[in-house]
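Below is one structure, written out as structure tokens; the observations come after it.
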Amino acid sequence: MAGLNPNTAPAIVILGPGSLATARRIQQRYPQALVHGLRGRVDAVDVHYPAFGDALRALYAQGTPIIALCAAGIVIRSLAGLLDEKGAEPPVLAVAEDGSAVVPLLGGLAGVNVMARELGEALGVAAAITTSGELRFGTCLLNPPEGYALADIEQGKRFVSDLLAGEAVRIEGDAPWLADAQLPEDGAARRTIHVGCEARPASRDELLIHARAVVVAMDGEQGEVVARVRQALGSAGIAEAALACLLAPEQAMAEPALHEAAQALGVALRYAPQAEHLVQMLAQAVPGARVSEHAGVAIAVASAPVDIAQIGRRRGRLAVIGLGPGAAELMVPAVKAELARAEDVLGYETYVRMAGPFRDDQVLHCTDNREEMLRARHAFELAAQGRSVVVVSSGDPGVFAMAAAVLEALHASSDPAWHRVDLQILPGVSASLATAAQAGAPLGHDFCVMSLSDNLKPWSIIEKRLDLAAQADLVLAFYNPISKARPWQLGNALDIVRRHREGQTPVVLGRDIGRPGQTLRVVTLAELLPEMVDMRTMVLVGSSTTCTFDKACGGQWVYTPRWYPVAGEGR
Ligand code: SAH
Numbered sequence: 000m001a002g003l004n005p006n007t008a009p010a011i012v013i014l015g016p017g018s019l020a021t022a023r024r025i026q027q028r029y030p031q032a033l034v035h036g037l038r039g040r041v042d043a044v045d046v047h048y049p050a051f052g053d054a055l056r057a058l059y060a061q062g063t064p065i066i067a068l069c070a071a072g073i074v075i076r077s078l079a080g081l082l083d084e085k086g087a088e089p090p091v092l093a094v095a096e097d098g099s100a101v102v103p104l105l106g107g108l109a110g111v112n113v114m115a116r117e118l119g120e121a122l123g124v125a126a127a128i129t130t131s132g133e134l135r136f137g138t139c140l141l142n143p144p145e146g147y148a149l150a151d152i153e154q155g156k157r158f159v160s161d162l163l164a165g166e167a168v169r170i171e172g173d174a175p176w177l178a179d180a181q182l183p184e185d186g187a188a189r190r191t192i193h194v195g196c197e198a199r200p201a202s203r204d205e206l207l208i209h210a211r212a213v214v215v216a217m218d219g220e221q222g223e224v225v226a227r228v229r230q231a232l233g234s235a236g237i238a239e240a241a242l243a244c245l246l247a248p249e250q251a252m253a254e255p256a257l258h259e260a261a262q263a264l265g266v267a268l269r270y271a272p273q274a275e276h277l278v279q280m281l282a283q284a285v286p287g288a289r290v291s292e293h294a295g296v297a298i299a300v301a302s303a304p305v306d307i308a309q310i311g312r313r314r315g316r317l318a319v320i321g322l323g324p325g326a327a328e329l330m331v332p333a334v335k336a337e338l339a340r341a342e343d344v345l346g347y348e349t350y351v352r353m354a355g356p357f358r359d360d361q362v363l364h365c366t367d368n369r370e371e372m373l374r375a376r377h378a379f380e381l382a383a384q385g386r387s388v389v390v391v392s393s394g395d396p397g398v399f400a401m402a403a404a405v406l407e408a409l410h411a412s413s414d415p416a417w418h419r420v421d422l423q424i425l426p427g428v429s430a431s432l433a434t435a436a437q438a439g440a441p442l443g444h445d446f447c448v449m450s451l452s453d454n455l456k457p458w459s460i461i462e463k464r465l466d467l468a469a470q471a472d473l474v475l476a477f478y479n480p481i482s483k484a485r486p487w488q489l490g491n492a493l494d495i496v497r498r499h500r501e502g503q504t505p506v507v508l509g510r511d512i513g514r515p516g517q518t519l520r521v522v523t524l525a526e527l528l529p530e531m532v533d534m535r536t537m538v539l540v541g542s543s544t545t546c547t548f549d550k551a552c553g554g555q556w557v558y559t560p561r562w563y564p565v566a567g568e569g570r
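Numbering (numbering that gives the first Met the number 0), first residue to last: 0 to 570.
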């Protein structure tokens, strides 16, 4: 159905811990589905939402199939305001908390009854199907299974009414899913269900269903991909709805025109090793299909819908993501979505654990924190095979973390397969920003971010930068301030800073910010001792203008004003 992605995993929405067991049983049937629970009421869920109605409406508006474990009435009332709006409607089902009833509510054309039956099977109960065509014929004729597309929904509704009124029907073409249906079949019937690939308008007495049995191959070099695909299909007399997949040579993997075209046509894009002719490449990728060529575009028509998983291979994806400081609500939604689609997850074990929970089908590759280049190369090897790979960093991946290591590995590589990977860097809330936000606005004016670790740079450089940054009166944010292997460096650094800053300068110490047991302290530069700091601490040293005042609820606000004293009038 237009606008609805049939691959979207359902959301299992629960209100309280009483439905968690049923939710997990449902999750076994739909392993991609996440369990959404009300914040504060249920802990052990995959996603927390703050308000039930809002969560349901947002999922509905996104086209996400909804399995709500609560009274049908609550679901109906929550979504009522949205039902008039045109557009795709995802399947919406209410399931009794104890799993004893499954009620399909909305999304008849998006397969809600199919889902209801699947759920009924998984829970061992009968689904409450109320659709008359479906009850009579045992299948929803307007919702053919994956691999088939109905040509015209309005025409289809008339057709089903005719059958319900007693008309007989005959099937033309191959419709295996109708084998078990109870249709009023008659070889001489005027009404036909026609399954095929050809382009033609449906006739008055016909239910026209296109089999997605067509694969088109092209190289994308000549541009205008969509227009050329449409033209080729047109001259071959094939319906656009029958197109299942675009196939291109592996060399063209990064070609943006192909990606745009596949999206515009609403089909998958796959790649095969380049052959001398597109026809040859296509014939190898879709064995047994009838292959022809139309002005530089090769078309394969198989005898049944093609299984895209069997055709060529996909472009691999490598996303370097930032988790934020730790708390799930500080993780950006793009990162959550990336984690959900990941097949492989690489990173330092602590961060990989923080990024979970993961499904059984997701492969975790936990490594030591220091093996960054090895990890980056391993990630490219996996992605170059066509997998969807995530490399995890805490905070932001570009701040003393994996993004630069991944780019360095790519820069050093001459493997074209690595360069063709779909590489994405997804930002996160860095520890300095998360700490600053809790303290107030210490980074409200110009500031300087430094790592005090001399593992990857000489200490002399750090000393020089500290000296100049302190002299320039920048607020200082120190990452990696101290560790067992680097015990004396912080003391040295503070000596340098104290040459340029007064003892009263405010210092913010944020430890495990956004994580369980987080602490925030405000001290003065004079009071600051290296013993107050460990490797899980962020150190923010104020500038000459940074100030503090008491909070009504205890503790202090720290901020650096946005203005700066004019030279000569400073303090
Ligand atoms: N990419 C990360 C930083 C990695 S360097 C980011 O953008 O946040 C690791 C250092 O970051 C730690 O030594 C500590 O100084 C700081 N840090 C990371 N997470 C932190 C947290 N939750 N609270 C306080 N400091 C943190």
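In this text, a Cβ means the ideal position worked out from N, Cα and C, and glycines have one as well.
Nothing here was measured: the structure is a model prediction, and the numbers come from that model.
- Ile11 is the residue among Ile11, Ile73 and Ala67 whose C-alpha sits nearest the C-alpha of Val44.
- The three-state secondary structure of Thr559, taken from DSSP, is coil.
- As summarised for the segment 296-330, the continuous beta strand (DSSP E) elements at least 3 residues long and confined to that stretch are 296-300 and 316-321, given in chain order.
- In the DSSP annotation of this structure, the continuous segment of the alpha helix (DSSP H) that includes Gln283 starts and ends at Leu277 to Ala284.
- In this chain, the beta strand (DSSP E) harbouring Ile65 covers Ile65 to Leu68.
- Membership of Thr523 in the beta strand (DSSP E) is indicated by the continuous run Thr518 to Thr523.
- Here DSSP, grouped into helix, strand and coil, assigns Leu451 to coil.
- Selection around the ligand SAH by beta-carbon proximity, strictly under 6 Å to any non-hydrogen atom, yields Pro324, Gly325, Ser392, Ser393, Gly394, Asp395, Val398, Phe399, Ala400, Ser429, Ala430, Thr434, Tyr478, Asn479, Pro480, Gly509, Arg510, Asp511, Ile512, Gly513, Arg514, Met534, Arg535, Thr536 and Met537 in chain order.
- Counting the other Cβ atoms within 10 Å of the Cβ of Asn454 gives fewer than 16, which makes it exposed.
- In this structure, DSSP gives Pro16 a helical state, which the three-state scheme calls helix.
- In its chain, beyond the 5 residues on either side, Val124 have a beta carbon closer than 7 Å to the beta carbon of Ser99.
- Judged by DSSP in its simplified three-state form, Leu338 adopts helix.
- Rounded to the nearest whole angstrom, the CA to CA distance from Arg56 to Leu78 is 6 Å.
- Distance from the CA atom of Ala235 to the CA atom of Asp359, rounded to whole angstroms, is 44 Å.
- For Val266, the three-state secondary structure derived from DSSP is coil.
- As computed with DSSP, Ala247 is found in a beta bridge with Tyr270.
- Pro9 counts as buried, since no fewer than 16 other beta carbons sit within 10 angstroms of its beta carbon.
- Asp395 has its alpha-carbon roughly 44 Å from the corresponding atom of Ala212.
- Beta bridge pairing from DSSP links Cys365 with Gly346.
- Burial check for Phe446: the Cβ neighbour count within 10 Å reaches 16 or more, so the residue is buried.
- Residues of the same chain with a CB within less than 8 Å of the CB of Glu371, apart from the 5 flanking positions on each side, are Met401 and Ala404 in chain order.
- In the structure shown, Gly236 adopts coil according to DSSP, grouped into three states.
- With 16 or more other Cβ atoms from the protein chains shown falling within 10 Å of its own Cβ, Ala260 counts as buried.
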